[in-house]
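Colleague: Going by the numbering used here, the first residue of the sequence shown is number 16, and it counts up by one from there.
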Amino acid sequence: MNDSYKITFLSLIFCCLVGAEVYGQISTAYGVSSVDGINLDYPRRYGVHFAYERPRSEVNTFYLRLKTTFPIRQATMGQVELIDFNNPIPGMPSTMQVDVQNRSSYWSLDGGTRIYFYNTYDAGFALYGGLTMKGIYSKFRQRFGEFDETIYRPSNQFPEEIGIFYGIGGNIGFKHQLISGTGNIMCDFGVDLVQSLTQNSIIGNEIAVLGFVINLAYRFDHF
16 MNDSYKITFL SLIFCCLVGA EVYGQISTAY GVSSVDGINL DYPRRYGVHF AYERPRSEVN
76 TFYLRLKTTF PIRQATMGQV ELIDFNNPIP GMPSTMQVDV QNRSSYWSLD GGTRIYFYNT
136 YDAGFALYGG LTMKGIYSKF RQRFGEFDET IYRPSNQFPE EIGIFYGIGG NIGFKHQLIS
196 GTGNIMCDFG VDLVQSLTQN SIIGNEIAVL GFVINLAYRF DHF
C-alpha cells in the first residue's frame with residue numbers, strides 16, 4: 016500500500032468515526048476481551064477495555080472502544096556464538112544455548128455504528144450489530160539471558176519491532192438491562208480483516224490477518 020493511499024484511507028476512517036452528529040444520553044462500559052486469529056501459532060490474548068457509546072436514535076448508536084491485552088511472555092532457548100571465530104578461546108565452546116524471553120504487547124482503538132434489533136438501545140434485551148474500523152499498535156521485543164557479551168553475541172536475534180495496523184470488520188452481540196435506568200450486560204463477537212501500515216514481521220506471527228474478538232462488559236447509562 017502506497018503512502019497516499021494510506022493517508023486517504025485513514026482520513027476516511029477519521030471522518031467516519033467523528034463526523035456524524037450524535038445527541039442525547041451517553042454510556043460508558045468496562046469489560047474484558049479476548050483476541051485470536053486464523054492460522055496463528057500464538058497464544059490467545061486476554062485483556063480489558065473501556066468503551067464510550069452515544070445514541071443517534073433509539074436503535075442507532077456511535078461507539079468507541081479502547082482495548083489493551085496483557086503482555087504475552089514466551090520463554091524459549093536461543094543460541095549465542097563467539098564474536099571472533101578465528102581466535103577461539105581454549106575451553107570455551109564456539110556456540111551455546113541460553114534462555115530467551117519474547118514479549119508482545121497490544122493496544123487497539125475501534126469504533127463505528129451499532130444497530131439495535133428486537134429492542135432499543137436502553138430498554139430490556141436487544142440484539143445489535145454493525146461495521147467497525149480499528150487501529151492497532153503492537154510491540155515485540157526479545158531478551159537474551161545472561162552470557163559473557165565480551166566473548167559471545169546472539170546468533171539470530173530478532174530486532175525490537177513496532178507495528179501499526181488497521182482493520183475493517185463487523186460484530187454481532189446482545190445486551191440485557193439488569194436494572195432499569197442503570198446499565199446493561201453486553202457481549203459481542205467480532206471478525207476483523209487486518210492489514211499493516213508499517214513494515215514488520217508481527218503481522219502473521221503475533222497478529223492474524225483474519226482475527227476474532229470477544230468482548231464482555233457492563234455498560235453504565237448516564238442521562
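A virtual CB, placed ideally from N, CA and C, is assigned to each residue, including glycine. Small disclaimer: the values here were computed from a predicted structure and weren't measured.
Using 10 angstroms around the beta-carbon of Y133, count the other beta-carbons present and answer buried if the total reaches 16, otherwise exposed.
Modeller: exposed
Colleague: Determine the burial state of G160: buried for a count of at least 16 other Cβ atoms within 10 Å of its Cβ, exposed for fewer.
Modeller: exposed
Colleague: Can you list, in chain order, the residues of its chain with a C-beta nearer than 8 Å to that of H237? Leave out the 5 residues immediately preceding and following it.
Modeller: Q40, I41, S42, T43.
Colleague: Are I151 and I222 close, meaning C-beta to C-beta below 8 Å?
Modeller: yes
Colleague: Give me, in chain order, the residues of the same chain whose beta-carbon lies closer than 6 Å to that of Q89; leave out the 5 immediate sequence neighbours on both sides.
Modeller: N117
Colleague: Hey, is the region 129-149 in contact with the region 210-222, meaning 3+ C-beta pairs nearer than 8 Å?
Modeller: no
Colleague: Buried or exposed for I242, please, with buried defined as at least 16 other CB atoms from any protein chain shown within 10 angstroms of its CB.
Modeller: Outside the displayed range of the chain (16 to 238) lies residue 242, so it cannot be described from this structure.
Colleague: Let me make sure I understand the geometry here. Which of Q94, G226, T110, G93 has the alpha-carbon closest to that of D56?
Modeller: G226
Colleague: Could you pull out every residue in the same chain whose Cβ sits closer than 8 Å to the Cβ of V115, ignoring the five residues on either side in sequence?
Modeller: A90, T91, M92, G93, Q157, R158, F159, G160
Colleague: Per the DSSP calculation, E176 is bridged to which residue(s)?
Modeller: F155
Colleague: D125 and R168 - do their beta-carbons sit closer together than 8 Å?
Modeller: no
Colleague: How long is the line joining the alpha carbons of K82 and E73, rounded to whole angstroms?
Modeller: 26 Å
Colleague: Hey, how far is the Cα of R60 from the Cα of S119?
Modeller: Each residue's alpha carbon lies about 10 Å from the other.
Colleague: Kindly examine the ligand PLP and report whether one of its heavy atoms sits closer than 7 Å to the Cβ of N134.
Modeller: You won't find the ligand PLP in this model; it holds no ligand whatsoever.
Colleague: Counting C-beta neighbours from all protein chains within 10 Å, is the total for V209 16 or more, i.e. buried, or is it exposed?
Modeller: buried
Colleague: Would you report the Cα separation of F155 and Y181, rounded to the nearest angstrom?
Modeller: Rounded to the nearest whole angstrom, the C-alpha separation of F155 and Y181 is 17 Å.
Colleague: Among the candidates D163, I177, I183, F65, whose CA atom is the shortest distance from the CA of M148?
Modeller: I183
Colleague: So what does DSSP say about P105, is it helix, strand or coil?
Modeller: Of the three classes helix, strand and coil, the one that applies to P105 here is coil, per DSSP.
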